[in-house]
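To keep things clear, I will list the structure first and then write my remarks on it.
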Amino acid sequence: MSNKIRKRISAKPKARARVFAALGDKTRLALVARLCSGEAASISQLADDSKLTRQAITKHLGVLERAGIVRSSHAGRERLFQFDPEPLENLQDYLRSVSKQWDQTLARLKSHVEK
Amino acid sequence: MDANRIEKRIELKAPVSRVWQALTDFREFGQWFKVKLEAPFVPGQVSRGQITYPGYEHITWEARIDKMEPERLFSFTWPHVKSFEKSDKPAGYSSAPRTLVEFRLEPIPDSIGGGTLLVLTESGFDALPADWRPEAFRRNDGGWTEQMKNIESHVKQNP
Numbered sequence: 000m001s002n003k004i005r006k007r008i009s010a011k012p013k014a015r016a017r018v019f020a021a022l023g024d025k026t027r028l029a030l031v032a033r034l035c036s037g038e039a040a041s042i043s044q045l046a047d048d049s050k051l052t053r054q055a056i057t058k059h060l061g062v063l064e065r066a067g068i069v070r071s072s073h074a075g076r077e078r079l080f081q082f083d084p085e086p087l088e089n090l091q092d093y094l095r096s097v098s099k100q101w102d103q104t105l106a107r108l109k110s111h112v113e114k
Numbered sequence: 000m001d002a003n004r005i006e007k008r009i010e011l012k013a014p015v016s017r018v019w020q021a022l023t024d025f026r027e028f029g030q031w032f033k034v035k036l037e038a039p040f041v042p043g044q045v046s047r048g049q050i051t052y053p054g055y056e057h058i059t060w061e062a063r064i065d066k067m068e069p070e071r072l073f074s075f076t077w078p079h080v081k082s083f084e085k086s087d088k089p090a091g092y093s094s095a096p097r098t099l100v101e102f103r104l105e106p107i108p109d110s111i112g113g114g115t116l117l118v119l120t121e122s123g124f125d126a127l128p129a130d131w132r133p134e135a136f137r138r139n140d141g142g143w144t145e146q147m148k149n150i151e152s153h154v155k156q157n158p
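Residue numbers (numbering that gives the first Met the number 0), protein chains in the order written: chain U, 0 to 114; chain D, 0 to 158.
Rendered as structure tokens:
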């Protein structure tokens with residue numbers, strides 16, 4: 000998927016929900032974990048590593064690709080899939096900053112009620 | 000960290016009744032939250048005030064009070080906006096995505112020290128776009144990076 004298309008997808012308001020939904024499944028999490036090393040893998044390589052059929056893997060990769068977590072490229076007759084950390088990093092960054100703010104706010108509440 | 004919610008647990012050395020008052024009395028809330036509120040909290044109604052945290056005084060605080068179950072649960076929803084303009088109230092509050100903030104209180108038995116367990120959760124972050132990069136947080140979060148840049152440009156301009 001091109002960068003342009005990915006940008007457009009991730010700018011959609013529902014994209015975040017899609018990322019959560021995509022990761023809310025054990026099989027897909029396992030696929031993401033497998034691809035996390037950064038190395039691209041083909042469907043047959045991924046099928047060799049697991050008990051799933053090629054068909055099942057293709058379906059799950061489709062969900063991950065639509066969420067922007069995984070992207071694919073063609074290498075000859077094969078399609079290679081690669082992990083794309085960007086959508087996850089966006090989410091995590093924002094939650095981290097909100098989380099940090101709560102730490103500070105709750106620390107002020109603590110000293111307020113304990114004084 | 001769960002990607003869709005924030006949860007904080009904090010033990011407070013104060014009875015539940017005291018913590019409840021600090022949370023739900025609008026003047027007390029304002030003291031530790033750093034916001035000057037106009038009126039008491041009422042479930043179902045919007046609460047508004049001016050942030051008093053140094054550097055953020057131009058920001059209007061706004062939340063819709065959700066539940067007030069005495070000494071158990073205080074909750075509200077609030078908008079997440081991308082940037083705070085110079086004008087006191089961001090135009091986007093009414094259409095901005097909202098998250099739910101819940102404060103749950105539980106007494107800690109005296110036999111293990113007493114006090115209150117406060118569990119804060121903020122949930123509903125899946126309502127925000129995936130490319131969410133608000134300016135206010137970036138400014139806050141990147142405090143030191145920003146300061147280093149200021150020093151760098153100051154030094155460059157004043158060799």
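By construction, the Cβ of each residue, glycine as well, lies at the ideal position given by its N, Cα and C atoms.
Looking at residue j and residue i, is the spacing between their C-beta atoms short of 7 angstroms?
i	j	result
S122(D)	L99(D)	yes
A126(D)	P96(D)	yes
L63(U)	A29(U)	no
Q103(U)	A39(U)	no
L79(U)	S41(U)	yes
I9(D)	P42(D)	no
A66(U)	R17(U)	yes
A109(U)	L11(D)	One detail in the question is off: residue 109(U) reads as Lys in this sequence, not Ala. A contact, by the Cβ cut-off of 7 angstroms.
Does the beta carbon of residue i come closer than 7 angstroms to any beta carbon on chain U?
i	result
K66(D)	no
A135(D)	Unreliable positioning characterises A135(D) in this predicted model, as indicated by a pLDDT of 47, which lies under 50. A coordinate reading is not provided.
D109(D)	no
K85(D)	Caution applies to K85(D), whose pLDDT of 49 falls short of 50 and renders its modelled position unreliable; the model cannot decide the point.
L11(D)	yes
V223(D)	Given that chain D is displayed from residue 0 to residue 158, the structure contains no residue 223(D) and the question cannot be resolved.
D125(D)	yes
K159(D)	The question about residue 159(D) has no answer here: the residues shown for chain D are numbered 0 through 158.
V18(D)	yes
W77(D)	no
A95(D)	no
W60(D)	no
A38(D)	no
Could you pull the DSSP bridge partners for residue i from this structure?
i	result
G48(D)	L36(D) and W60(D)
K7(D)	L119(D)
K66(D)	S74(D)
H73(U)	R78(U)
L99(D)	T76(D) and S122(D)
A40(U)	F80(U)
P106(D)	T115(D)
Report the option in the options whose CA atom is closest to the CA atom of residue i.
i	options	result
T51(D)	R26(D), K7(D) and I64(D)	R26(D)
K7(D)	V41(D), T120(D) and W77(D)	T120(D)
W101(U)	G113(D), R47(D), V118(D) and A95(D)	V118(D)
S46(D)	A126(D), P69(D), L127(D) and W60(D)	W60(D)
I58(D)	G114(D), P128(D) and G48(D)	G48(D)
E55(D)	A38(D), P39(D) and K33(D)	Here residue 55(D) turns out to be Tyr, not Glu, going by the sequence shown. When only C-alpha atoms are compared, the closest one is K33(D).
P14(D)	G112(D), E68(D) and F124(D)	G112(D)
T26(U)	V18(U), A55(U) and I42(U)	A55(U)
K66(D)	I107(D), T23(D), F124(D) and S94(D)	T23(D)
E68(D)	P128(D), F102(D), G114(D) and G29(D)	F102(D)
S94(D)	I107(D), V80(D) and P106(D)	V80(D)
Are the C-beta atoms of residue i and some chain D residue less than 7 angstroms apart?
i	result
E64(U)	no
R70(U)	no
R76(U)	no
L60(U)	no
K114(U)	no
R107(U)	yes
F19(U)	yes
A55(U)	no
A16(U)	yes
S98(U)	yes
Q103(U)	no
Do we get a CB-CB distance below 7 angstroms when we pair residue i with the residues of chain B?
i	result
H73(U)	You won't find chain B in this structure, because its protein chains are U and D.
| message | Is it the case that the stretch 56–76 of chain U contacts the stretch 90–106 of chain U, given that we only count it when at least three CB pairs across the two stretches are under 8 angstroms? | response | Cβ pair count under 8 angstroms is below three, so no.
Does the stretch 65–73 of chain D come into contact with the stretch 15–24 of chain D, if we say contact requires no fewer than three beta-carbon pairs (one atom in each stretch) closer than 8 angstroms? The answer is yes - the stretch 15–24 of chain D touches the stretch 65–73 of chain D, with three or more Cβ pairs under 8 angstroms.
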